[in-house]
Each structure stands twice: as C-alpha cells, then as structure tokens.
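Some notes on the structure that comes next.
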Amino acid sequence: MLLKYPKGHLIAASVATTIIGLVLLVAPSEKASAKRNSISIPVDLAVTSTQPDVKTASSEPLIAKLSGDIQEKAQIAPEVKENWKTITIKSGDNLTSLFKRAGLGARDVYEVSEATKANKSANLKRLYPGEKLSFLIDDGRLQKLRREKNQLESIEILRTESGYSVITNNREPEILHRFVSTTLDNSLFLAGEKAGLSQKVIMELANVFGGVIDFVYDPRQGDSFSLLFEEKYLDGNLIGSGNIIAAEFNNRGEVYRAFRYTDSENNSGYYSPEGESMQKAFLRSPVDFTRISSGFNLRRKHPIHKKIKAHRGIDYVAARGTPVYAAGNGRVIASGYNRANGNYVFIQHGAQYTTKYLHLHKRHVKRGQRVKQRQIIGRVGSTGYSTGPHLHYEFLVSGVHRNPRNIVKKLPKAKSIAKGEMPRFLESIQPLLAQLETHQRLLAYNQ
Ligand SMILES: [Zn+2]
Numbered sequence: 016m017l018l019k020y021p022k023g024h025l026i027a028a029s030v031a032t033t034i035i036g037l038v039l040l041v042a043p044s045e046k047a048s049a050k051r052n053s054i055s056i057p058v059d060l061a062v063t064s065t066q067p068d069v070k071t072a073s074s075e076p077l078i079a080k081l082s083g084d085i086q087e088k089a090q091i092a093p094e095v096k097e098n099w100k101t102i103t104i105k106s107g108d109n110l111t112s113l114f115k116r117a118g119l120g121a122r123d124v125y126e127v128s129e130a131t132k133a134n135k136s137a138n139l140k141r142l143y144p145g146e147k148l149s150f151l152i153d154d155g156r157l158q159k160l161r162r163e164k165n166q167l168e169s170i171e172i173l174r175t176e177s178g179y180s181v182i183t184n185n186r187e188p189e190i191l192h193r194f195v196s197t198t199l200d201n202s203l204f205l206a207g208e209k210a211g212l213s214q215k216v217i218m219e220l221a222n223v224f225g226g227v228i229d230f231v232y233d234p235r236q237g238d239s240f241s242l243l244f245e246e247k248y249l250d251g252n253l254i255g256s257g258n259i260i261a262a263e264f265n266n267r268g269e270v271y272r273a274f275r276y277t278d279s280e281n282n283s284g285y286y287s288p289e290g291e292s293m294q295k296a297f298l299r300s301p302v303d304f305t306r307i308s309s310g311f312n313l314r315r316k317h318p319i320h321k322k323i324k325a326h327r328g329i330d331y332v333a334a335r336g337t338p339v340y341a342a343g344n345g346r347v348i349a350s351g352y353n354r355a356n357g358n359y360v361f362i363q364h365g366a367q368y369t370t371k372y373l374h375l376h377k378r379h380v381k382r383g384q385r386v387k388q389r390q391i392i393g394r395v396g397s398t399g400y401s402t403g404p405h406l407h408y409e410f411l412v413s414g415v416h417r418n419p420r421n422i423v424k425k426l427p428k429a430k431s432i433a434k435g436e437m438p439r440f441l442e443s444i445q446p447l448l449a450q451l452e453t454h455q456r457l458l459a460y461n462q
C-alpha cells in the first residue's frame, strides 16, 4: 500500500555544509521507516493509522540527487580535523561575553558585528538562551562562526581577506503526507490522541470544523473523522507536522469535508467541496473544547444540559481557567461584574448580533475593545449565580435571545470562492478528494 506521497525534496541550499551533515542526509528513508515502524498503533479496528512504506515512495531519486551534491561539495569543503569550540548561549549573554568565553577579543566582536549588521538573517543582536554558537579559532583569530538557529536554518560567518562574509544555510524538510482515520468513542481530543495525532494537529482539525461543529455538544459515539496532513522530515527524522490538507468529519451521519486551498492571490483557507469557506462568522462553541475533560458520554448526564431552553443560553461545563473565545469578530460592549452574571463580557458583531459570556473567572478584554474570532476574552469560572465552573453563553439577534445551538445554521452564508477561481479550485481539490476516498475504501475493505 503506497500511503505516503513525496512532495518536496531535501534541498541542501548550502555552500559550506559539512560532509558529515550530508552523509546523514543520504539515508533518510531507511531511518524514517525504522522510526515509523516503531510507532505503536493500538490494535483497535476503530483506529487506523496507515503505516506507510517510505522506501517505495521516494528514496531512489532522493539519494541520487544527494550523492550528486556530495561529490560537488566534497571538493569545496574538505573540513577535516577542524578544532571547533561550541558555546551554549545562556540568558544574559551578549556577543562580547560569548566571544570572551570563546577566547576572543573586542576586535573580533567589532568586525563580526560590522559584517553582520546589514544582513538581517545573520544579525547576531538577538541571541536566544539554549542556542549554540560554534567558533573555529586559529592563531587567536576567529576563522569561522557557526550559528544553528534551528534544525532548518543556520548561518556561517567566514573570515576572508577583506573581512568577514556571511553564508546562510537553509534546509527544506521533506514533506510527506499522512492519512489518519478514526472513530470517536469519547471526545475528539481523546480519539485524536489515540490515533497518534499531536495536540497541534487536533487543534487545527477543530479549527477547520469550528464553524460547523460544536466539539463540546455535537460529537456522538460512532462519529468519525479522516484527515490527510503534512509531516516534515529532516534527515529521516520527523521534525513536526505541517498543514492539514484535507479532512472529513462525519457527525451523526452528516458529512463535512474541508480542503486547504491557496488561491491565485496566495491566500490559504479551508473550503467545502462546493467552494464555501469553512471559516464562518461565528464559532459553534466559544470554549477551548480540549480543556473540557468530560467527553460527551459524561457530559450528557450533566443536569444543567436539560435547562438550556429555560435559561435562554447554553452552558459549557469546563474546568476553571478554560479559555473562552470571542465567537466572532466584533467589539466589546460590556465587560464587568454583577451579582447575577458574575464576571461577564458582551460582544457586538455587526449591527444585528450580540454574544454574551457569563460567570467568568477572569476577563481579558475591556469595553470598547475590538476582538477577533477565537481571541481569548476570558476564562471559565463560577462567579455570580452559578453552581460550579461553567460558561453560560447567549446569542442574540436584534436584541432577541436565540438558541445558539440552532441559530448558527441560519446565519448568512460564509464567503465562497470567486466564480473565476472555481475551475482552479476544483482542479486542485480533485486529487485530495480521490486520496481521501481511496483511503476510506481501503479502510472499509480491511475491516
Ligand atoms: Zn447557564
């Protein structure tokens, strides 16, 4: 089963990368597959994380390309037995103190500062504790200075006859696609964790569908989701995740699909297969659902749930301190305290809509302030008439209370892709749609 798709290549855009560095690059796929195989996936039919055979995907052209590079570079940079001194930056360090520790004087500090002043990426003014600087010193003078900014970015400052010059090494990670599909038997968060997704990817998934699904109240046992997302590899090691590129959420039989699309003006966003933006004017739930410890099974038992209609709002039971988000862009029209509401925040959205957030532990916004959707406006608490920590949330249309559970579906449609852009959009999502469907068919077949 070919389940990984090579997209990028490792591009060693460096001039002076060491041979050692390149040797490590040669066998990324073997290391990658070894690592992937060691990931243990629960033997649970509901959770399927496809284990790709990386070798079949891209190792051959990659190795060919890199060995070509090596031959070229081996002639340029035969760095053998160089005596490097590496210093880890501590808080409070500056260039002078670091150079002093390396055994260098003020003259080197001055010359290096001058040489790097104009080069933004090489500027040594901002140094971060924990970062490493490596010095190559010969005859008491600095010959080379190497700074590893992160795994992908490093700079080297070289002494030449006319002063110091700067070389920037940028490496591109190899991007592979991973498919994950799972069924919920508790919350989205737990299902995601069980399927081996990082918190970051789960949050992104929740953000993608945050305008159509209330991840606190909507999910039910048996719901499922599938997603295709990017993973970044460097030297065969997973260094992080990239973007979600396609996702599907099946909520009580209703299927939502979203595709990442970058339009011709280079704006990226998520869209339904029909080209409607997934970013809606209002979030379905204004709380950070990942902090709500009880999944839907437990939550259903909560007595307050039954009272939703009676008190014209919706309650989200969550731990004290859970972030509360602005449901949409707007302006804070009230931020205060009274006996009944406790700490409260009201937000006006356009001319018609108002959202209210009560019983907050803390308020993070002031009256008159503009807020963006998903901005944290306060924290869940139990101030005012409240029996325990929860967010009481109200949604008003032209001053009239509406049930936030139903009203969001009746709001104006979200922005769609421009007509002229539709053919390009449809063409770009076609392969993603095919990949999603292929994976799902294979999964169904295997079960
Ligand atoms: Zn309430």
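16 is the number of the first residue of the sequence shown in our numbering; add one for each residue after it.
Every residue, glycine too, gets a C-beta built ideally from N, C-alpha and C.
Bear in mind that the values here come from a model prediction, so they are computed numbers and not experimental data.
DSSP three-state assignment for residue i, whether helix, strand or coil
| i | result |
| --- | --- |
| Gln-390 | coil |
| Ser-443 | helix |
| Pro-503 | The question about residue 503 has no answer, for the chain in this structure spans 16 to 462. |
| Pro-338 | strand |
| Lys-295 | coil |
| Asn-461 | helix |
| Gln-363 | strand |
| Gly-207 | helix |
| Ala-349 | strand |
| Leu-451 | helix |
| Gly-178 | strand |
| Glu-436 | helix |
| Leu-426 | coil |
| His-300 | First, the residue type needs correcting, since residue 300 is Ser and not His in the sequence shown. Note: Ser-300 maps to coil in three-state DSSP. |
| Lys-381 | coil |
| Asp-123 | helix |
| Glu-146 | coil |
| Phe-270 | Inspection of the sequence shows that residue 270 is occupied by Val rather than by Phe. Note: Val-270 maps to strand in three-state DSSP. |
| His-317 | With a pLDDT of 42 at His-317, under the threshold of 50, the modelled position of that residue is not reliable, and no figure is offered here. |
| Asn-421 | helix |
8 Å contact criterion, which residue i and residue j should meet: CB distance rounded
| i | j | result |
| --- | --- | --- |
| Arg-267 | Pro-288 | The pair is not a contact, with the Cβ atoms about 20 Å apart (cut-off 8 Å). |
| Leu-157 | Leu-119 | 6 Å |
| Thr-398 | Asn-358 | 5 Å |
| Leu-375 | Val-395 | 7 Å |
| Ile-329 | Arg-389 | Not a contact, Cβ separation roughly 18 Å. |
| Asp-233 | Asn-265 | Not a contact, Cβ separation roughly 11 Å. |
| Leu-220 | Phe-240 | 7 Å |
| Gly-400 | Ala-334 | Checking the sequence shown, residue 400 turns out to be Tyr, not Gly. The Cβ separation is near 20 Å, so there is no contact. |
| Ser-279 | Tyr-286 | So it is not a contact: roughly 14 Å between Cβ atoms. |
Assigned exposure category for residue i - 16 Cβ within 10 Å defines buried
| i | result |
| --- | --- |
| Tyr-460 | exposed |
| Pro-404 | buried |
| Met-437 | exposed |
| Gln-445 | exposed |
| Gln-214 | exposed |
| Asp-229 | buried |
| Ser-177 | exposed |
| Thr-453 | exposed |
| Thr-103 | exposed |
| Thr-277 | exposed |
| Val-223 | buried |
| Tyr-340 | buried |
| Gly-255 | exposed |
| Val-423 | buried |
| Lys-159 | buried |
Residue i Cβ short of 6 Å to ligand 1 heavy atom set
| i | result |
| --- | --- |
| His-416 | no |
| His-364 | no |
| Gly-225 | no |
| Gly-403 | no |
| Asp-330 | yes |
| His-379 | no |
| His-407 | yes |
Own chain, CB closer than 7 Å to residue i, minus 5 neighbours either side, in chain order
| i | result |
| --- | --- |
| Gly-290 | Ser-431, Ile-432, Met-437 and Phe-440 |
| Arg-327 | Glu-409 and His-416 |
| Asn-134 | Val-181 |
| Glu-75 | In this prediction, Glu-75 has a pLDDT of 32, which is less than 50 and means its spatial position is unreliable; what the coordinates show is noted afterwards. Result list for Glu-75: empty, nothing under 7 Å. |
| Gly-14 | Residue 14 lies beyond the range of the chain shown here (16 to 462); nothing can be said about it. |
| Glu-126 | Gly-178 and Tyr-179 |
Residues near residue i in its chain [Cβ-Cβ closer than 6 Å; skip 5 each side]
| i | result |
| --- | --- |
| Ala-342 | Phe-297, Leu-298, Pro-301 and Thr-370 |
| Pro-338 | Asp-303 and Ile-391 |
| Leu-167 | Arg-186 |
| Trp-99 | Ser-149 and Leu-151 |
| Ser-106 | Pro-144 |
| Lys-88 | A caution first: Lys-88 carries a pLDDT of 41, below 50, which makes its placement in the model unreliable, though a value can still be read off. Cβ within range, chain order: n/a, list empty. |
Proximal residues to residue i (C-beta, below 8 Å), its chain only, five neighbours per side dropped
| i | result |
| --- | --- |
| Asn-312 | Model confidence at Asn-312 stands at a pLDDT of 36, short of 50, so the residue's coordinates are unreliable and nothing is read from them. |
| Ile-217 | Leu-203, Phe-204, Gly-207, Glu-208 and Thr-305 |
| Lys-164 | Glu-146 and Ile-170 |
| Asp-123 | Phe-114, Arg-156 and Leu-157 |
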